[in-house]
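Visitor: For the sequence shown, my numbering assigns the number 420 to the last residue and increments by one with no breaks.
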Amino acid sequence: MNSGPSEVYYGSVIPGNTAEWAAFAAKVDEVIKRLDFSTIEKKDKVAIKMHLGFRDGYQTVPVFFVRRVVKAVKAAGGYPFITDNPTAVYNAADRGYTQETCGCPLIPIAGVKDRYTYKFNANFHSVKTLEMGGVLHDADVLIDLSHVKGHNTCGFGGAIKNIALGGYHGPSRWNKIHGVEASLPYWDVKKCTPEHAKKLVEACKDGYIKYDEKKHKLIVDFGMCHQCMDCMEADKGVGCLQIKQENFSLFQELMALGANEILKQYEKDKIFFLNFALDITPYCDCWGFGQPKIVNDVGILGSRDIVAVETASLDLIGKQKLIESMIPPFIRLHKGKDLHPFQRLHGPLKNPYITLDYAEKLGMGSKTYELVEVLPPSDTRKTKGPSSVSEAAPSFF
Ligand code: SF4
Numbered sequence: 024m025n026s027g028p029s030e031v032y033y034g035s036v037i038p039g040n041t042a043e044w045a046a047f048a049a050k051v052d053e054v055i056k057r058l059d060f061s062t063i064e065k066k067d068k069v070a071i072k073m074h075l076g077f078r079d080g081y082q083t084v085p086v087f088f089v090r091r092v093v094k095a096v097k098a099a100g101g102y103p104f105i106t107d108n109p110t111a112v113y114n115a116a117d118r119g120y121t122q123e124t125c126g127c128p129l130i131p132i133a134g135v136k137d138r139y140t141y142k143f144n145a146n147f148h149s150v151k152t153l154e155m156g157g158v159l160h161d162a163d164v165l166i167d168l169s170h171v172k173g174h175n176t177c178g179f180g181g182a183i184k185n186i187a188l189g190g191y192h193g194p195s196r197w198n199k200i201h202g203v204e205a206s207l208p209y210w211d212v213k214k215c216t217p218e219h220a221k222k223l224v225e226a227c228k229d230g231y232i233k234y235d236e237k238k239h240k241l242i243v244d245f246g247m248c249h250q251c252m253d254c255m256e257a258d259k260g261v262g263c264l265q266i267k268q269e270n271f272s273l274f275q276e277l278m279a280l281g282a283n284e285i286l287k288q289y290e291k292d293k294i295f296f297l298n299f300a301l302d303i304t305p306y307c308d309c310w311g312f313g314q315p316k317i318v319n320d321v322g323i324l325g326s327r328d329i330v331a332v333e334t335a336s337l338d339l340i341g342k343q344k345l346i347e348s349m350i351p352p353f354i355r356l357h358k359g360k361d362l363h364p365f366q367r368l369h370g371p372l373k374n375p376y377i378t379l380d381y382a383e384k385l386g387m388g389s390k391t392y393e394l395v396e397v398l399p400p401s402d403t404r405k406t407k408g409p410s411s412v413s414e415a416a417p418s419f420f
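(1) If we ignore side chains and look at the alpha-carbon of each, how far apart do Arg327 and Leu58 end up?
(2) Taking only heavy atoms of ligand 1 into account, decide whether any of them is closer than 7 angstroms to the Cβ of Gln366.
(3) Can the beta-carbon of Ala300 be found closer than 8 angstroms to that of Leu339?
(4) Quick check on the burial criterion: 16 or more other C-beta atoms within 10 angstroms. Buried or exposed for Pro375?
(5) Output the residues surrounding ligand 1, defined as those with a CB atom closer than 6 angstroms to any ligand heavy atom, in chain order.
(6) Report back the beta-carbon spacing between Val330 and Glu383 to the nearest angstrom; my notes put them in contact at under 8 angstroms.
(7) Using 8 angstroms as the threshold, is the C-beta distance between Cys254 and Ala226 below it?
(8) Output needed for Val318: all residues of its chain with C-beta closer than 8 angstroms, excluding positions within five of it in sequence on either side, in chain order.
(9) Can you tell which of Trp210, Asp235, Ala182, Ser413 has its C-alpha closest to the C-alpha of Phe245?
(10) Give a yes or no on contact between the stretch 102-120 and the stretch 72-80, applying the rule of three or more CB pairs nearer than 8 angstroms.
(11) Quick one: Cα of Lys358 to Cα of Ala220, how far?
(12) Please name the residue in Cys251, Val397, Val243 whose C-alpha comes closest to that of Leu356.
(13) Does DSSP put Ala145 in a helix, in a strand, or in coil?
(14) Just grab the DSSP bridge partners of Trp44 for me.
(15) Could you give the distance in angstroms between the alpha-carbon of Cys309 and the alpha-carbon of Lys407?
(16) Taking Lys233 as part of the alpha helix (DSSP H), name the residues at either end of that continuous run.
(17) Given a cut-off of 8 angstroms on the beta-carbon distance, is the pair Leu153 and Lys199 in contact?
(18) Report the option in Ala415, His148, Glu53, Lys390 whose CA atom is closest to the CA atom of Pro28.
(19) Hey, out of Lys316, Ala182, Tyr381, Cys248, whose CA is closest to Ile350's CA?
(20) Hey, out of Ile323, Gly370, Val36, whose CA is closest to Val89's CA?
(21) Taking 8 angstroms as the CB-CB cut-off, is Met255 touching chain D?
(22) Going by beta carbon distance, what residues of the same chain come within less than 6 angstroms of Pro128, once the five residues before and after it are set aside?
(23) Go to Ala70, then tell me how far its beta strand (DSSP E) extends in each direction, as first and last residue.
(24) Could you compute how far the alpha carbon of Glu43 sits from the alpha carbon of Ala95?
(25) If distances are taken between C-alpha atoms only, which option among Ser418, Ser401, Phe419 comes closest to Asn40?
(26) For His249, name the three-state secondary structure that DSSP assigns.
Below you can see the structure in the form of structure tokens.
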């Protein structure tokens, strides 16, 4: 485990000067420079793992910045390619990502039929094995390029989620990782009558409790449950149901485990993390629709330490207040001054830092970090440099 602080380079969206060299794109370039791609060797195959969105879910890392990452990899001598699940790759052009716009090929992470995988023994509660994408596995270098946003199952999606879920083929992701929360008991069948089970179903106004009367089985959708505890109120006097931390934490622990297994495939100096904390939405990029941004844009964070970059991203977002006027009416916000904005959205038991505790225990990195701000507005405000250039006549000749 790392003991000292890890460096996290940070560029804020706020410029200190009305010129290009002090603005956000320049900060992105500077963060990439500080990350130092010189450990990429000539002809290394460089996987840029992104979430390319789904259907109308377009709020991913803007192609404008993807091109800059690709360009920097090429300048270092690497052969970059972008990878994600096959559906996202096949229709990536709908959201602006093509070989022409990005500057490199887009390749499905586990082959064209999502079957090219490497299996490993996870042996984690109900999850015995997981299969990581073979294309990701075969790369020499990993650039984990993430859009930071909320996530209904674990509170937060960033660099860990981008590989812990997105690095695996569909059946691993959807049938095994999603659903692991139910592998610890949460319902006492002997204490619950069918009538009481129906009462519990009614108590959950959002429909996250289902009851199969034929099998006499109560199913809680822990992925969506936001812990309003209305069902627990309805269960008073019977005591057959538990909505407890342990079930939610299973998903976060498995995410850390899954991400760690992917990181083990690469040499330590060939892994880079870039978190874009822009257009921070309540839910993941795979929801397939446009969402309001619920806190102000933060900026770009880069590190070679996945735990540090995630901690810094969460800390910076935590300093923001939720923009309450942007919260959709179907989200019931939690109150509490100590809650992170993502907990206010998804419930106090979906504390996004829990994943980082597990990741740190696995030796994936350190929650202790040093934030190195690049081109801070306080400095660039005072710096004299070329003034801004605006186009007064066509300048492409
Ligand atoms: S705690 Fe979860 S399952 Fe229970 S009523 Fe609230 S949202 Fe539904």
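Heads up, the beta-carbon is just placed ideally off N, CA and C, and yes, glycines get one too. Just so it is clear, the structure is predicted and the values come from calculations on it, not from any experiment.
Guide: So, to answer that:
(1) Cα-Cα distance, rounded: 7 angstroms.
(2) Not so, every heavy atom of ligand 1 lies at least 7 angstroms from the Cβ.
(3) In contact: Ala300 and Leu339 (Cβ atoms closer than 8 angstroms).
(4) Label assigned to Pro375: buried.
(5) The set, ordered by position in the chain, is Ala226, Cys227, Asp229, Tyr231, Ile232, Val243, Cys248, His249, Gln250, Cys251, Met252, Asp253, Cys254, Ile266.
(6) With a Cβ gap of about 5 angstroms, Val330 and Glu383 count as contacting.
(7) Between Cys254 and Ala226, the gap from beta carbon to beta carbon is short of 8 angstroms.
(8) Ile303, Ile340, Gln343, Lys344, Leu345, Ile346, Pro364, listed in sequence order.
(9) Closest by alpha carbon: Trp210.
(10) Per the Cβ contact rule, the stretch 102-120 is in contact with the stretch 72-80 (3 or more Cβ pairs under 8 angstroms).
(11) Each residue's Cα considered, the two are about 29 angstroms apart.
(12) Among Cys251, Val397, Val243, the Cα nearest to that of Leu356 is on Cys251.
(13) Correct three-state label for Ala145: strand.
(14) In DSSP, Trp44 forms no bridge with anything.
(15) Taking the CA atoms as reference points, Cys309 sits about 44 angstroms from Lys407.
(16) Boundaries around Lys233 are those of the beta strand (DSSP E), 232-235, since no alpha helix (DSSP H) includes it.
(17) Yes, these two residues count as a Cβ contact at 8 angstroms.
(18) Comparing Cα positions, the closest option is Lys390.
(19) Considering only alpha carbons, the answer is Lys316.
(20) Per the Cα distances, Ile323.
(21) Of the chains in the structure shown, none is chain D; there is only one protein chain.
(22) Same-chain partners within the cutoff: Phe104, Gln122.
(23) Where Ala70 is concerned, the enclosing beta strand (DSSP E) stretches over 68-72.
(24) If I take the Cα positions, the gap works out to 19 angstroms.
(25) Among Ser418, Ser401, Phe419, the Cα nearest to that of Asn40 belongs to Ser401.
(26) Collapsing the DSSP output to three states places His249 in coil.
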